[in-house]
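J.: Chains as they are written, first to last, in the working numbering: chain H, 1 to 480; chain D, 1 to 197. Quick reminder that beta carbons are idealized off the backbone N, C-alpha and C, glycines included. As the structure is a computational prediction, the values presented were derived from the model and not from experiment. Pasting a structure below so you can have a look.
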Amino acid sequence: MSTPLDRATLQKLREQNPAWRLLAATHAPFIISFLHQAFLASNTRTVSQQALASRLEDHLHEGRSLGGLDLPKRAEAYLDDWAGDSGWLRKFYPMDSDEAHFDLTAAAERAIVWVTRLLERRFVGTQSRLLTVFQLLSSMVEGSEVDPNARLAELQRRRDAIDQEMERLRAGLVDVMAATELRERFQLMASTARELLADFRELEQSFHLLDRDVRQRIATWSGGRGALIADILGERDALSSSDQGTSFRAFWDFLMSPDRQEELTQKLQHVFELEAIRQTAPDPRLRRIHYDWLAAGEATQRTVARLSEQLRRYLDDRVFLENRRILEVIRSIEQQALAFRNSPPSGTVAELDDVAPAVELPLERPLFAPPFVARLTQQLLEAGEEDVASDGLFEQVAVDRARLRTNIQHLLQRQERITLAEVVAQHPLQHGLAELVSYLAVASENRKSVFDEQSSQRIEWNDRRGQTRSATIPLVVFTR
Amino acid sequence: MKQPTTAGDALSPLVISLMKGVMWREDNERHWQQLLSLQARVRDHVAVLGLRLELDEAEGYALLRQRPLEEGDELPRLIPRRPLSYPVSLLLVLLRKKLAEADGGGADRRVVLRREDLVEMLRHFLPDTTNEARLVDQVGSHINKVKDLGFLRPLGGREDEYEVVRLLNTFVDAQKLEELLASYRAHAETLGKEVPE
């Protein structure tokens, strides 16, 4: 099973394996930190091109201005590079979207996880790993045992052990795991749980590969029709009956049961409350890791279902045989076209049916309507003689936003942050509600101000008649 | 005889929208479900007009096509034919090839091509020119033609990425391709050149 690690193999691996190439890339620190942030830190599966490109653009900008990064191209160009030959991203068009989406490839994920491991591990828990190996071995031995007596004997042995433990408890001897043991197990659990999440990506990728393999085998099939059909029927459930498929199914059934989920939630909760674990400040995301499993598993599940469906369709012998005939004809057509490349036919070479019947509805067309012509009558304006109070025209309230901004900036010179109520206390409202609303508008335009919808503030002022008015608004804080 | 259709019948909107154009499942799921259940009646109905219903459940589209004429039938066509110029016909062939290859390649079934890809694809088959800009413009007009025929769909509002619409599979089938090949061969013969098989 194991491949020899000779020089040639490693050389090839270094040139071709995307994971190694990522580690060896000139800008590896930059790329890895970006990919980690975009996909792994948030457990994100797919990101739309636009969202990812704008994040990368920010990242590039930061890198160029701070780190003197030498990456001159635009974000989209890098994404395409990484999705192309580099093999770090997978670019695809989801069925329901017109925008390209990206997902990390399993290889890139492996490289990134490997790098994070360099930083992470604080101590090496050997005992829990040994126990795991032991448990795996004994479950295999037990599971493959066909002799009922041997199985009974094993069960008896376990029952004795349990009886003994119960005796000890009754006698008041309670064994509790030491803090180190707890931490060790927790670490193992955490890394296994995270690896599981990474496995989904790998799983999905290998389903894609499997699918491609089957298709290629069919495309290059040269046997007779009968043999072909037999082969097709054999491959019909190639995806779900592979080792990967079976194991994934079992995992999924296990996870989907509500009892299991309840159990996982409770146990994680319990473990997180243990003093020994709390001291290590565990990653809070681990607490809901099973939901992330569910989400990732569901995505994989969908992929598998979609691939199976498409494969079945492709294997439909009618489609398959036609496709093959079509590729042959197309090859001849291309040859012809190349042959008269410099003197192509002119005019119509063929006709193609339209995609719908032509239904002409002449009367549905709008009838001619004479264009509307505005008629202007000239009328001289004459000075009126009526004596009307024109005060109303001059009493329009105009709030000068520039003045409000200056008020805020002045106050911010003295303190780091200031609430709107404090601003108003220093500079009383001159135009009442209109001015208050302008302040809110100023705040919403300013990116350094914060609205806190949860808490509210009361603001008071006197109107022109001297009456006290008040308004309750969300807490607004301006910062420098 | 069938029941006369009343105004409230679900059949009418279905037949009408089929008469107006291709029906996609993703555009109107409810209509699609109705179409699936009333399929037989729709078929009977359009048969009177010399049409047949073509429905692809897996791809999610339905459309009306001209029914092949039987002996002695003299029905006028309801579905117009669009003339294809040589480069447009060639572009259709190349797009059809892309679809066939995508089927064989697995993974993503949606075939998305950039404008440059299309230009590059067609360039091999067009007369050599030093006027690059003119070539790009010409290909652009062929692309627009194919877009009007309904087999290329611009993605995301920009005119630089196109999805090849799978509808093309039914229109450019083996038979159509043979027909094209024959027409190309005829042209080659008029040139009097020996063409490799």
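#1: Would you tell me roughly how many angstroms separate the C-alpha atoms of Ala53(H) and Ala28(H), rounded to the nearest one?
#2: Taking buried to mean at least 16 other C-beta atoms within 10 Å of its own C-beta, is Ala8(H) buried or exposed?
#3: Strictly below 7 angstroms CB to CB, what residues from chain D border Ser48(H)?
#4: Quick check: Ser455(H) and Phe478(H), are their CB atoms within less than 7 angstroms of each other?
#5: So with Cβ pairs under 7 angstroms, would you call Ala188(D) a contact of chain H?
#6: Just the Cα atoms here: how many angstroms apart are Ile162(H) and Arg21(H)?
#7: If you follow the alpha helix (DSSP H) that Pro29(H) is part of, which residue opens it and which one closes it?
#8: Let's see if you can read the secondary structure: which residues bound the alpha helix (DSSP H) around Glu116(D)?
#9: Please name the residue or residues paired with Trp461(H) in a DSSP beta bridge.
#10: Between the beta-carbon of Ala434(H) and the beta-carbon of Gln457(H), is there less than 7 angstroms?
#11: Report yes or no: is there a C-beta of chain D within less than 7 angstroms of the C-beta of Pro29(H)?
#12: Closest by CA to Arg166(D), which one among Trp32(D), Val111(D) and Lys145(D)?
#13: In terms of residues, what are the limits of the alpha helix (DSSP H) holding Phe254(H)?
#14: For chain D, find out if any of its Cβ atoms is closer than 7 angstroms to the Cβ of Arg74(H); answer yes or no.
#15: Rank Pro94(H), Thr105(H) and Phe451(H) by C-alpha distance to the C-alpha of Leu79(H) and give the top, closest one.
#16: Can you tell which of Ala276(H), Phe134(H), Glu204(H) and Leu210(H) has its C-alpha closest to the C-alpha of Glu184(H)?
#17: Determine contact between the segment 32–49 of chain H and the segment 102–119 of chain H, defined as no fewer than three beta-carbon pairs at a distance below 8 angstroms.
#18: Would Arg77(D) and Gln66(D) be called neighbours here (beta carbons separated by less than 7 angstroms)?
#19: Among Leu381(H), Asn446(H), Pro370(H) and Leu367(H), which residue has its Cα nearest to the Cα of Thr406(H)?
#20: At 7 angstroms on the CB atoms, spell out the chain D contacts of Val329(H), in chain order.
#21: Closest by CA to Tyr439(H), which one among Arg288(H), His59(H) and Arg403(H)?
#22: Just checking: is the beta-carbon of Lys98(D) within a distance shorter than 7 angstroms of some beta-carbon in chain H?
#23: Would you kindly work out how many angstroms separate the C-alpha atoms of Glu351(H) and Lys12(H), rounded to a whole number?
#24: Can you give me the start and stop residues for the alpha helix (DSSP H) that Thr190(D) sits inside?
#25: Gly432(H) and Arg469(H) look like a contact to me (Cβ under 8 angstroms); what is the Cβ gap, rounded to whole Å?
#26: Taking 7 angstroms as the cut-off, decide whether the C-beta atoms of Pro127(D) and Asn342(H) are in contact.
#27: Under a CB-based cut-off of 7 angstroms, is Val195(D) close to chain H?
#28: Excluding sequence positions up to five away, which residues of its chain have a Cβ less than 6 angstroms from the Cβ of Leu152(D)?
#29: So what does Ala350(H) bridge to, in DSSP terms?
#30: If we call anything under 7 angstroms between Cβ atoms a contact, is Leu53(D) one with Arg41(D)?
#31: Leaving aside the five residues before and after Asn323(H) along the sequence, list all residues of the same chain whose C-beta is less than 6 angstroms from its C-beta, in chain order.
#32: Please state whether DSSP places Phe478(H) in a helix, a strand or coil.
#33: For Ser138(H), does the three-state DSSP call read helix, strand or coil?
#34: Between Leu181(D) and Ser89(D), which are expected to be in contact by the criterion C-beta below 8 angstroms, what is the C-beta distance as a whole number of angstroms?
#35: Apart from the five residues just before and just after Arg90(H), which ones in its own chain have a Cβ nearer than 6 angstroms to its Cβ?
#36: Does the Cβ of Thr126(H) have 16 or more other Cβ atoms within 10 Å, making it buried, or fewer, making it exposed?
T.: Per the coordinate set shown:
#1: Within the model, the alpha-carbon separation for Ala53(H) versus Ala28(H) is close to 18 angstroms.
#2: Around the Cβ of Ala8(H), a 10 Å sphere holds fewer than 16 other Cβ atoms; the residue is exposed.
#3: The premise fails here: Ser48(H) is roughly 10 angstroms from chain D at the closest Cβ pair, so nothing lies under 7 angstroms.
#4: Their beta carbons are not under 7 angstroms apart, which means Ser455(H) does not touch Phe478(H) by this criterion.
#5: In terms of beta-carbon proximity, Ala188(D) lines the interface with chain H, with at least one pair separated by less than 7 angstroms.
#6: Between the alpha carbons of Ile162(H) and Arg21(H) lies a distance of about 53 angstroms.
#7: Taken as a continuous stretch (DSSP letters only), the alpha helix (DSSP H) holding Pro29(H) covers Ala28 to Leu35.
#8: Looking at the DSSP string, the run of the alpha helix (DSSP H) that includes Glu116(D) is Arg115 to Arg123.
#9: Trp461(H) has Arg469(H) as its beta-bridge partners, per DSSP.
#10: Not a contact, by the Cβ cut-off of 7 angstroms.
#11: Using a CB distance cut-off of 7 angstroms, Pro29(H) does not count as an interface residue toward chain D.
#12: For Arg166(D), the closest C-alpha among the options Trp32(D), Val111(D) and Lys145(D) is that of Val111(D).
#13: Run containing Phe254(H): Asp243 to Met256, per the alpha helix (DSSP H) assignment.
#14: Residue-level contact by beta carbon fails for Arg74(H) and chain D, as no gap is shorter than 7 angstroms.
#15: Leu79(H) has its Cα closest to that of Thr105(H), out of Pro94(H), Thr105(H) and Phe451(H).
#16: Ranking Ala276(H), Phe134(H), Glu204(H) and Leu210(H) by Cα distance to Glu184(H) puts Ala276(H) first.
#17: A contact exists between the segment 32–49 of chain H and the segment 102–119 of chain H.
#18: Yes, they are a contact pair.
#19: Scanning Leu381(H), Asn446(H), Pro370(H) and Leu367(H) for the CA closest to the CA of Thr406(H) turns up Asn446(H).
#20: The contacting residues are Ala174, Leu177, Glu178 and Leu181.
#21: The residue from Arg288(H), His59(H) and Arg403(H) with its alpha-carbon nearest to that of Tyr439(H) is Arg403(H).
#22: When Cβ-Cβ separations below 7 angstroms define contact, Lys98(D) makes no contact with chain H.
#23: The alpha-carbon atoms of Glu351(H) and Lys12(H) are separated by roughly 52 angstroms.
#24: Annotation for Thr190(D): the continuous alpha helix (DSSP H) segment containing it runs Ala174 to Leu191.
#25: Between Gly432(H) and Arg469(H) the beta-carbon gap is near 7 angstroms, inside 8 angstroms, which marks them as a contact.
#26: It is a contact, given that the beta carbons lie within the stated cut-off.
#27: Residue confidence is low: Val195(D) scores 48 on pLDDT, short of 50, so the model does not pin down where it sits. No coordinate-derived value is stated.
#28: Only Val146 and Tyr162 meet the Cβ criterion.
#29: DSSP lists Leu84(D) as the beta-bridge partner residues of Ala350(H).
#30: Not closer than 7 angstroms, so no.
#31: Hits under 6 angstroms: none found.
#32: DSSP places Phe478(H) in the strand class (E or B) of the three-state scheme.
#33: It is helical.
#34: About 11 angstroms separates the beta carbon of Leu181(D) from that of Ser89(D), a gap too long to meet the 8 angstroms contact definition.
#35: A distance below 6 angstroms between beta-carbons, with the five flanking residues on each side excluded, links Arg90(H) to the following residues of its chain, in chain order: Asp103 and Thr105.
#36: Label assigned to Thr126(H): exposed.
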